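Colleague:
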Amino acid sequence: MIEIDVSTERGIAVVVPRGRLNMVAAKQLRETLAEVVGAGTNRVVVDLGETTFLDSSGLGALVSGLKAARQAGGDLRVARPTPEVLAVFQLTNIDKVLRPRPDVASAFDV
Numbered sequence: 379m380i381e382i383d384v385s386t387e388r389g390i391a392v393v394v395p396r397g398r399l400n401m402v403a404a405k406q407l408r409e410t411l412a413e414v415v416g417a418g419t420n421r422v423v424v425d426l427g428e429t430t431f432l433d434s435s436g437l438g439a440l441v442s443g444l445k446a447a448r449q450a451g452g453d454l455r456v457a458r459p460t461p462e463v464l465a466v467f468q469l470t471n472i473d474k475v476l477r478p479r480p481d482v483a484s485a486f487d488v
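Right under this line is the structure:
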């Protein structure tokens, strides 16, 4: 299940995938991120604090969202990755591109 909280005050969308971010959920995440960016919110935080599993499909959805946000002049950042998700990030070196933040609030602090 994916939840979206858009804070118009700072123009930042927070997307919270819950549970397993596998092939099935990755499709929904990819669509959700595309909709958020397409609606004009180009700064997105994906809060991974409740994501228990991440596979290559989930990584692909995150990279797709990152690309869409950057093409729209913004950025996508990840926050609160669980140890399981962080291990996948480190194994694939995606943590060098999607540098995990400790919490949602600090994801877009300057």
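If you read the sequence shown in my numbering, its first letter stands for residue 379, the second for the next number, and so on. Yeah, the Cβ is synthetic: ideal placement off N, Cα and C, and Gly gets one too. These numbers come from a predicted model, not from an experiment.
Going by Cα to Cα distance, which pick from V466, P461, E413, L469 is closest to P480?
Modeller: Closest by alpha carbon: P461.
Colleague: Among the residues of its own chain, which have a CB less than 6 Å from the CB of G443, if the five just before and after it don't count?
Modeller: Here the set comprises L411, L454.
Colleague: Kindly identify the DSSP beta-bridge partner or partners of F431.
Modeller: Bridge partners of F431: R398.
Colleague: Spatial neighbours of D473 within its chain, please: C-beta separation below 6 Å, excluding the five flanking residues on both sides.
Modeller: F467.
Colleague: Using the beta-carbon count (16 or more within 10 Å), is D487 buried or exposed?
Modeller: By the neighbour-count rule (16 or more Cβ atoms within 10 Å), D487 is not buried but exposed.
Colleague: Give me the residue from A446, L469, P459, N400 with the minimum Cα distance to A417.
Modeller: Measuring from the Cα of A417, the nearest candidate turns out to be A446.
Colleague: Going straight from the alpha carbon of A391 to that of R398, what length do you get?
Modeller: One C-alpha to the other measures close to 21 Å.
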